[in-house]
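Before any comments, here is the structure.
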Amino acid sequence: MNAEDLIITAAALVAGNKGLLAMDESNVTCNKRFDNSGIKPTEENRRAYRELLITTPGLSKYISGAILYDETIRQRKEDGTAFIKVLIDEGIIPGIKVDTGTKNMPGHSGEKITEGLDGLPERLAEYRTLGARFAKWRTVISLGGGLPSRACIEANAHSLALYAAYCQEASMVPIVEPEVLMEGEHTMEQCHQVTEELLRAVFNQLYTQGVMLEGLILKPNMVLPGLNCSKQNTVHDVAEATLNCLLRAVPGAVAGIAFLSGGQSAELASARLNAINSKLNLKRPWPLAFSFARAIQQPALEIWHGESKNIEAAQRALLHRAQCNQFARAGEYNANTELQNQQSLQDALVSNRLQTNECKD
Ligand code: 13P
């Protein structure tokens, strides 16, 4: 393990008000999102879409690192350039999802355990040779109907900590992602209580496994009411609950916190990130960044629609979301930011349409 490298990489991932582009959907998840947007779920479409994302001009102004999937880290641009080279040349640090997904937990109906520890040291060594410098492991915790069980929390916290220890041994920064899911009728207060319990369990295990917190990024959920909860709290309440929860459970030595979006709309995720970064009366020992997948990609995916004529407009949509989230990190995001974004997005769409019409003529 190279402790100094780990600390430098972890700090670089959350520096400059930038964030992470999570583009590590498994083939199954990526295909599902394609299906939902009317895009054919083929390997070539997955490759073309990921090429669109990583070749977005100016992306590194807002994005410090990109999380890839096993298929993606081996893929190339149409001209033959390896994706990983494109990222490194652009100054974006490549990362890789290394968990192999969730399975039903034995004896605990409705709960999941994340797998992927088998062969992990060998896979990490290969990914490092390919150029990856950080990794990601996600666990999911459901809330409601008596869940989560302590067994589910403990088992997932244990595997997250073992994964993190393997990563640091391989000189890869671990992104530790314990996610309390948004689905359900639970209140924000219930989410707060479970998120805090989960984070305490995770940090107990990280301590037990001897993981160096200065070389680690936490990727938590924001503290939110369930999607079907009758009371949807304000952006301000969410920011306060999220910060209080993190302050109670996350040691100050952690290099940074980069939120997942979890199915929030792109605008709401930015507004909440902004409010979290605006609460200056609460001390914050760590940078509070973003590591969104859906909340940063979805507009671009819908605009692209699997057609090369839409690439430029889709890239602008991605860039706009990335820029909005950079503003949010600085506590400078507001309705105007979004309006300006929409205006330039509109311009991009119009120019795209004009080009298309020219082609048709
Ligand atoms: P979302 O931002 O869509 O929740 O995805 C983050 C992620 O990386 C899931 O593992």
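Each residue of the sequence shown is one higher than the one before, counting from 1106 in this note's numbering. C-beta atoms are modelled at their ideal positions from N, C-alpha and C, and glycine is treated no differently.
Exercise. Classify Lys1465 as helix, strand or coil using the three-state DSSP reduction.
Key: Locating residue 1465 in the sequence shown gives position 360, counting from the first residue. Low confidence applies here, because Lys1465 scores a pLDDT of 31, under 50, leaving its location unreliable and the question unanswered by this model.
Quiz item: Are the region 1195-1202 and the region 1246-1264 touching, with three or more C-beta to C-beta distances below 8 Å?
Solution: At 8 Å Cβ cutoff, the stretches do not touch.
Quiz item: Among residues of its own chain, excluding the 5 on either side of Gln1253, which ones have a beta-carbon nearer than 6 Å to its beta-carbon?
Solution: Here residue 1253 refers to the residue found at position 148 of the sequence shown. Per the sequence shown, the amino acid found at residue 1253 is Pro instead of Gln. Taken in chain order, the residues that qualify are Ile1246.
Quiz item: So does the region 1165-1182 actually touch the region 1207-1215, counting three or more Cβ pairs closer than 8 Å?
Solution: The region 1165-1182 makes no contact with the region 1207-1215: fewer than 3 CB pairs, one atom from each, lie closer than 8 Å.
Quiz item: Given that a residue counts as buried once 16 or more other Cβ atoms are within 10 Å of its Cβ, and exposed if not, what is Gln1460?
Solution: For the purposes of this step, residue 1460 is taken as residue 355 along the sequence shown, with counting starting at 1. In this predicted model, Gln1460 has a pLDDT of only 42, less than 50, meaning its place in the structure is not dependable enough to derive any value.
Exercise. State the Cα-Cα distance for the pair Leu1164 and Ile1172, rounded to the nearest angstrom.
Key: Stepping through the sequence shown from its first residue, residue 1164 is reached at position 59. Stepping through the sequence shown from its first residue, residue 1172 is reached at position 67. One C-alpha to the other measures close to 14 Å.
Practice problem: May I ask you to check if the CB of Ala1171 is nearer than 7 Å to at least one heavy atom of the ligand 13P? | Solution: What you label residue 1171 is simply residue 66 of the sequence shown in a count that begins at 1. The answer is no for Ala1171.
Quiz item: Could you check where the alpha helix (DSSP H) with Val1245 kicks off and where it finishes?
Solution: Here residue 1245 refers to the residue found at position 140 of the sequence shown. In the DSSP assignment, Val1245 falls outside any alpha helix (DSSP H) and within the unbroken beta strand (DSSP E) covering 1239-1246.
Self-check item: Beta-carbon proximity check, Arg1152 vs Cys1135, cutoff 8 Å
Solution: Within the sequence shown, numbered from 1, the residue matching residue 1152 stands at position 47. Within the sequence shown, numbered from 1, the residue matching residue 1135 stands at position 30. By the CB criterion at 8 Å, Arg1152 and Cys1135 fall outside the cutoff.
Quiz item: Is the region 1352-1360 in contact with the region 1294-1311, if contact means three or more CB pairs nearer than 8 Å?
Solution: When C-beta atoms of the region 1352-1360 are compared with those of the region 1294-1311, three or more pairs fall below 8 Å, so the two segments count as touching.
Quiz item: Would you report the Cα separation of Thr1114 and Thr1234, rounded to the nearest angstrom?
Solution: Taking the first residue of the sequence shown as position 1, residue 1114 is located at position 9. Taking the first residue of the sequence shown as position 1, residue 1234 is located at position 129. Put simply, the backbone Cα of Thr1114 is about 16 Å away from that of Thr1234.
Quiz item: Using 8 Å as the Cβ pair cut-off and three pairs as the minimum, do the region 1262-1276 and the region 1286-1298 touch?
Solution: A contact between stretches requires three or more CB pairs, one per stretch, nearer than 8 Å, and the region 1262-1276 fails this requirement with the region 1286-1298.
Quiz item: What number of angstroms, rounded off, separates the C-alpha of Cys1272 from the C-alpha of Leu1225?
Solution: Position 167 of the sequence shown, counted from the first residue, corresponds to residue 1272. Position 120 of the sequence shown, counted from the first residue, corresponds to residue 1225. When the Cα atoms are used, Cys1272 and Leu1225 turn out to be separated by approximately 9 Å.
Quiz item: Taking the alpha carbon of Glu1195 as the point to measure from, which residue in Glu1109, Tyr1167, Leu1321, Tyr1154 has its own alpha carbon closest?
Solution: Walking along the sequence shown from the start, residue 1195 turns up at place 90. If we check each option's Cα against that of Glu1195, Tyr1167 comes out closest.
Quiz item: Does the distance from the CB of Glu1372 to the CB of Glu1437 come in under 8 Å?
Solution: Within the sequence shown, the letter at position 267 stands for residue 1372. Within the sequence shown, the letter at position 332 stands for residue 1437. Not a contact, by the Cβ cut-off of 8 Å.
Exercise. Please confirm whether any heavy atom of the ligand 13P lies closer than 7 Å to the CB of Asp1175.
Key: Numbered from its first residue, the sequence shown carries residue 1175 at position 70. Flag unset: Cβ of Asp1175 not near the ligand 13P.
Quiz item: Since Ile1322 sits in a beta bridge, which residues does DSSP pair it with?
Solution: Within the sequence shown, residue 1322 is the residue found at index 217, counting from 1. Answer is Ile1280, Gly1361, bridged to Ile1322.
Practice problem: Classify Ser1214 as helix, strand or coil using the three-state DSSP reduction. | Solution: By one-based count along the sequence shown, residue 1214 stands at place 109. Of the three classes helix, strand and coil, the one that applies to Ser1214 here is coil, per DSSP.
Quiz item: What are the complete beta strand (DSSP E) segments, minimum 3 residues, inside the region 1258-1309?
Solution: Listed in chain order, they are 1278-1285.
Self-check item: Run of the beta strand (DSSP E) containing Leu1387, from where it starts to where it stops
Solution: In the sequence shown, residue 1387 corresponds to position 282, counting from 1. In the DSSP annotation of this structure, Leu1387 is not part of any beta strand (DSSP E), being labelled neither H nor E.
Quiz prompt | Near the ligand 13P: Gly1331 beta-carbon under 7 Å from a heavy atom | solution = For the purposes of this step, residue 1331 is identified with residue 226 of the sequence shown, where counting begins at 1. Outside the cutoff, so no.
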